[in-house]
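Asks: Here it is, the structure, as structure tokens.
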Amino acid sequence: MTADSFAAAPDSPARPASRCTVAVCRGCCCGSAKVAGVDHAAQVAGLEAALEAGTARLRVTDCLGPCAYGNVIVVQPSPEGRARGGRPVWLGPVNDMAAVADIAAWTRAGGPGIAEPPPVLDLYVFTPPPPKRRRK
Ligand code: FES
């Protein structure tokens, strides 16, 4: 599967005004040798190719916390999606390109609150632990 495999079809609609955000973790574990057997660069390149069509924003982040689920990807709803009840969806471990293609297809369809995810993504959904509180 190449980065071109993720690109939007030539007849895709123009960039939507309200886009969701795909946050790809590349912290201490995700994207590193600690998550073996994954072409991490191809994963990001595939998403970049898909999102270059303007269907969603791509954000590469530092560690999001739940390293045991690496590679972690969070699909955040667009403002319109959030208004319709969409909430961030945490996915992991996303370590195969087919799942990346499914995430790209979902964001092209509008993402959380706008479109149902491909059913196979249910296998990757998890609830992140609550953020740790700092001691005062
Ligand atoms: S490095 Fe991705 S969750 Fe920690």
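Sequential numbering of the sequence shown, starting at 917, is according to the numbering used here.
Glycine included, every Cβ here is placed at the ideal spot set by N, Cα and C.
1. Compare the beta carbon distance of residue 972 and residue 1029 with 8 Å and say whether it is the shorter of the two.
2. Between the alpha carbons of residue 963 and residue 1009, how many angstroms are there, rounded?
3. Is residue 1046 near the ligand FES, with its Cβ less than 7 Å from a heavy atom?
4. Alpha carbon to alpha carbon, how far is residue 968 from residue 935? Give it in angstroms, no decimals.
5. Is the CB-CB distance between residue 941 and residue 988 below 8 Å?
6. Unbroken alpha helix (DSSP H) runs of length 4 or more, entirely within the segment 995–1022: which are they?
7. Rounded to whole angstroms, how far is the Cβ of residue 1005 from the Cβ of residue 990, which I believe are closer than 8 Å?
8. Could you tell me how far apart the beta carbons of residue 1034 and residue 1018 are, in whole angstroms, since I believe they sit closer than 8 Å?
9. Please check the pair residue 956 and residue 947, which I expect to be a contact at CB under 8 Å, by giving their CB distance rounded to whole angstroms.
10. Which residues in the same chain have their Cβ closer than 8 Å to the Cβ of residue 1045, if we skip the five residues on either side of it in sequence?
11. In this structure, how does DSSP classify residue 980 when only helix, strand and coil are distinguished?
12. Cα separation between residue 1016 and residue 1049?
Replies: Short version:
1. Residue 972 is not a Cβ neighbour of residue 1029, given a cutoff of 8 Å.
2. Near 16 Å, if we compare the C-alpha coordinates of residue 1009 and residue 963.
3. Checking the Cβ of residue 1046 against the ligand FES gives no.
4. Approximately 12 Å, taken between the alpha carbons.
5. Yes, the pair counts as a contact, with Cβ atoms nearer than the cut-off.
6. Scanning the segment 995–1022 for uninterrupted alpha helix (DSSP H) segments of 4 residues or longer gives 995–999, listed from N- to C-terminal end.
7. Confirmed, about 7 Å.
8. Indeed, because the Cβ distance is near 4 Å, the residues count as touching under 8 Å.
9. The C-beta separation of residue 956 from residue 947 comes to about 4 Å, placing the pair in contact by the 8 Å criterion.
10. Taken in chain order, the residues that qualify are 981, 982.
11. Correct three-state label for residue 980: coil.
12. Their Cα atoms are separated by approximately 32 Å.
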